[in-house]
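Asker:
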Amino acid sequence: MELIDRYLLDQLDQNELNQFYERMEQNSDFRKLVMEQKQEMLAVEEYSLKGSMDSFHEEVLHDKTSKRGNPKWWAIAASILILIGISLWTIFNSNTSAEKIFANNFRPDPGLPTTMGETRDYEFYSGMVSYKQKKYTEAISLWKPLHIANPKNDTFTYFLGVAHLADGNTRQAAEYLQLSKDREESAFKEETSYYLALAYLKQNKVKEAKEVLKNSSNPANIKLLEEIESLK
Amino acid sequence: MQKNTNYKLKDLSGSEIVSLIKMNDGQILKRLYISNFRKVKKYVLKNNGDDAAAKDVYQEAFVAMWRNIKNDKFSSEDSSSVNGYIYRIAKNKWLDHLRSARYKRTSPLDNGLEADAPEILETEEKNKKLKILLESMDKMGERCQNILKLFYYERRSFREIAEITGLDEASARNAKYRCQKQLKKITEEIPIHDNI
Numbered sequence: 001m002e003l004i005d006r007y008l009l010d011q012l013d014q015n016e017l018n019q020f021y022e023r024m025e026q027n028s029d030f031r032k033l034v035m036e037q038k039q040e041m042l043a044v045e046e047y048s049l050k051g052s053m054d055s056f057h058e059e060v061l062h063d064k065t066s067k068r069g070n071p072k073w074w075a076i077a078a079s080i081l082i083l084i085g086i087s088l089w090t091i092f093n094s095n096t097s098a099e100k101i102f103a104n105n106f107r108p109d110p111g112l113p114t115t116m117g118e119t120r121d122y123e124f125y126s127g128m129v130s131y132k133q134k135k136y137t138e139a140i141s142l143w144k145p146l147h148i149a150n151p152k153n154d155t156f157t158y159f160l161g162v163a164h165l166a167d168g169n170t171r172q173a174a175e176y177l178q179l180s181k182d183r184e185e186s187a188f189k190e191e192t193s194y195y196l197a198l199a200y201l202k203q204n205k206v207k208e209a210k211e212v213l214k215n216s217s218n219p220a221n222i223k224l225l226e227e228i229e230s231l232k
Numbered sequence: 001m002q003k004n005t006n007y008k009l010k011d012l013s014g015s016e017i018v019s020l021i022k023m024n025d026g027q028i029l030k031r032l033y034i035s036n037f038r039k040v041k042k043y044v045l046k047n048n049g050d051d052a053a054a055k056d057v058y059q060e061a062f063v064a065m066w067r068n069i070k071n072d073k074f075s076s077e078d079s080s081s082v083n084g085y086i087y088r089i090a091k092n093k094w095l096d097h098l099r100s101a102r103y104k105r106t107s108p109l110d111n112g113l114e115a116d117a118p119e120i121l122e123t124e125e126k127n128k129k130l131k132i133l134l135e136s137m138d139k140m141g142e143r144c145q146n147i148l149k150l151f152y153y154e155r156r157s158f159r160e161i162a163e164i165t166g167l168d169e170a171s172a173r174n175a176k177y178r179c180q181k182q183l184k185k186i187t188e189e190i191p192i193h194d195n196i
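Sequence order for the protein chains is A and B.
Residue numbering for the first sequence follows my numbering, beginning at 1 and increasing consecutively.
Residue numbering for the second sequence follows my numbering, beginning at 1 and increasing consecutively.
Here you go:
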C-alpha cells in the first residue's frame, strides 16, 4: 500500500503519522501488514547495499594502490637524506684531517724571556708574563694598545697572532700573522709562516696553508708542509 | 530522496551520520566503507586470515553496522564511534570465525547451544525471514531488482525513476507495484528450511 510506503520512507507529516499509529493500534491486521512491508523494504535495502559494496571495494583497491605508490616518495626522500649525509660526512672528515694536523702540531710559542728591561717595554713583558701563564686574553688586552701605537712593530704583531691562536681565535690569529708575514724582514719570519699555516689548516684552508709554507727553509716548516701535502 | 552533496566525514556529527546511513546516503556509505577497510584488513591478516577473508568479514560487519543503525540499535556521538563500531563488529566476527573453526575440529557435537529464550527465537524468525527475502531478491529479474532498489534503497521519486528507467511516471509506479507483488510471491514459494 502506498500509505505504508510513505510511512516507511518517513514521508508522513505529524498529523498523518498520528493517524497511522492509531490505525496500527486499533487494527492488528493492518499492523501485521505494516510489519511485513517493513521487512520487505529492509530486505530490498540490504540486498541493494550488498550489491553496492563490491563497487565500493573496487575503490578501496584503487585507493590502496595509490597508497602503495607512496614508497616511491619515501625512496626519494631517503636517497636525498643519504646524499646529504654523505656530503656532510665528507666535509666533516676533510675538516678533521686538516684539524688533526693542526692539533698534532700546534704548540704555543714559548714566548720571550720576561726580564724586565726598559720601562717602556713594561706592558709588553707584563703581557708576556700573562701569556706564559696561559692567560691569553689578558696578554692580548695588554699587547693590543701597543700594536695600535706601533703598527710596524713586528714583535707585537707576531705575538698577538700567536696569543690569539692559542686562545682559539683562529681568524684574528690569521690576520695578525698574515700582517706579520707581509713584512719583508722579520725576526719571526719562519715562525710566522709556521703558525699562519697552522691557522689556515684549522680553518680548513689547505691551499692557503701550503702557499704560506712554500718557501720555507726551517725544518719544522718543511715537515709541516709534507704533512699537508699528504692530505690529498 | 537521496541527496548527493559532498560531506566531509569529520565535519558531521554522530547523529547526522546516523541519519544519513538510515537514508542509505550513497556518499556516506561509500566514504565509511573505504576509510574503514584497511584497519580491518590489517587485523584479519595478522590473525590467520587472507585478503578474501578480510573482504568477507568486512562486508558482513559493514552490513551489520548498517542493519543495527536501521533498527535503532546504535547511537553515535561522532563519526569516529561509527568507525570504531564497524571495527569492533568485524573483529568479533573474525574471532567467532576462528573460534568456530577450532571448535568444529575438537567437538563433533556442534549444535548451537543457545538457550531458547523467546527474544532469541523471535530474532531467529526474523533472521530466517530476512534470508528468504534476500534469496527471493536474487531470484527476481534485474529489472525488478533495479526498480525496487531505486525506490526503497535510493529513495527516488517516481519522476526520477521514470527518467532513469525510460518509462513514464505512471508506468514506473505500476512496475514498482508489480515487482513488490512478485517479491511476495517468490518469498511464499521458498520453503522455510533451516539455513546454516
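Using N, Cα and C, we set each Cβ at its ideal position, and we do this for glycine too.
(1) Got a sec: is the Cβ-Cβ distance from M53(A) to anything in chain B below 7 Å?
(2) Hey, I190(B) and E135(B): beta-carbon distance below 7 Å or not?
(3) Flag this pair as yes or no: are the beta carbons of V60(A) and I34(B) separated by less than 7 Å?
(4) Closest to T157(A) by CA distance: which of D167(A), A173(A), E123(A) is it?
(5) Measure the CB-CB distance between S130(A) and E123(A) and report whether it falls below 7 Å.
(6) Anything in chain A within Cβ reach of W66(B), meaning under 7 Å, just list it in chain order.
(7) For a contact meaning CB atoms closer than 8 Å, what does F56(A) contact in chain B?
(8) Could you round the C-beta distance between E45(A) and Y177(B) to whole angstroms and report it? I think they count as a contact, below 8 Å.
(9) So is S159(B) buried or exposed if we call it buried at 16+ other beta carbons inside 10 Å?
(10) Unbroken alpha helix (DSSP H) runs of length 4 or more, entirely within the segment 176-210 of chain A: which are they?
(11) Residues of chain B with a CB under 7 Å from the CB of A103(A): which are they?
(12) Under 8 Å Cβ-Cβ, which residues of chain A neighbour V63(B)?
(13) With a threshold of 16 other CB atoms inside 10 Å of the CB of A52(B), please say whether the residue is buried or exposed.
(14) Indicate whether F102(A) and L201(A) have their beta-carbon atoms separated by less than 7 Å.
(15) Can you tell me whether F124(A) is helix, strand or coil according to DSSP?
(16) Could you list the residues in the segment 12-42 of chain A with a C-beta less than 8 Å from some C-beta on chain D, going in chain order?
(17) Under the rule that 16 or more other beta-carbon atoms within 10 Å means buried, what is A77(A), buried or exposed?
(18) Rounded to whole angstroms, what is the Cα-Cα separation between E190(A) and I82(A)?
(19) Between A98(A) and L231(A), how many whole angstroms is the CB-CB distance? I'm expecting something under 8 Å.
(20) What residues in its chain sit with their C-beta under 8 Å from that of D168(B), if we drop five residues either side in the sequence?
(21) Is it buried or exposed, N36(B), if we count other Cβ atoms within 10 angstroms and call 16 or more buried?
(22) With a threshold of 16 other CB atoms inside 10 Å of the CB of S15(B), please say whether the residue is buried or exposed.
(23) For a cutoff of 7 Å on Cβ pairs, would you count M140(B) as touching chain A?
Answerer: Working from what's here:
(1) Look at M53(A): its C-beta is under 7 Å from a C-beta on chain B.
(2) Yes, the Cβ-Cβ distance between I190(B) and E135(B) is below 7 Å.
(3) Yes. Within cutoff.
(4) That would be A173(A), whose Cα lies nearest to the Cα of T157(A).
(5) Between S130(A) and E123(A), the C-beta spacing is not below 7 Å.
(6) Using a Cβ-Cβ cut-off of 7 Å, W66(B) is close to L49 of chain A, given in chain order.
(7) Ordered by position in chain B, the residues that pass the 8 Å Cβ test against F56(A) are L29, K30, Y33, I34.
(8) Your pair E45(A) and Y177(B) does not check out as a contact, with CB atoms roughly 18 Å apart and the cut at 8 Å.
(9) According to the sequence shown, residue 159(B) is Arg rather than Ser. So R159(B) counts as exposed.
(10) List check, alpha helix (DSSP H) in window: 189-202.
(11) Counting only Cβ-Cβ distances below 7 Å, A103(A) has no contacts in chain B at all, with the closest Cβ about 55 Å away.
(12) Within chain A, the residues near V63(B) are E46, L49, K50, M53.
(13) A52(B) is exposed by the Cβ-count criterion.
(14) Contact: yes.
(15) Helix, per DSSP.
(16) Although the question refers to chain D, the structure presented lacks it and instead comprises the protein chains A and B.
(17) Around the beta carbon of A77(A), fewer than 16 other beta carbons sit within 10 angstroms, so the residue counts as exposed.
(18) A straight line joining the alpha-carbon of E190(A) with that of I82(A) spans about 44 Å.
(19) Beta-carbon to beta-carbon, A98(A) and L231(A) are separated by about 7 Å, close enough to satisfy the 8 Å threshold.
(20) So the qualifying residues of the chain are A162.
(21) By the neighbour-count rule (16 or more Cβ atoms within 10 Å), N36(B) is buried.
(22) Exposed: under 16 other Cβ atoms inside 10 Å.
(23) Answer no: the Cβ-Cβ gap between M140(B) and chain A never drops below 7 Å.
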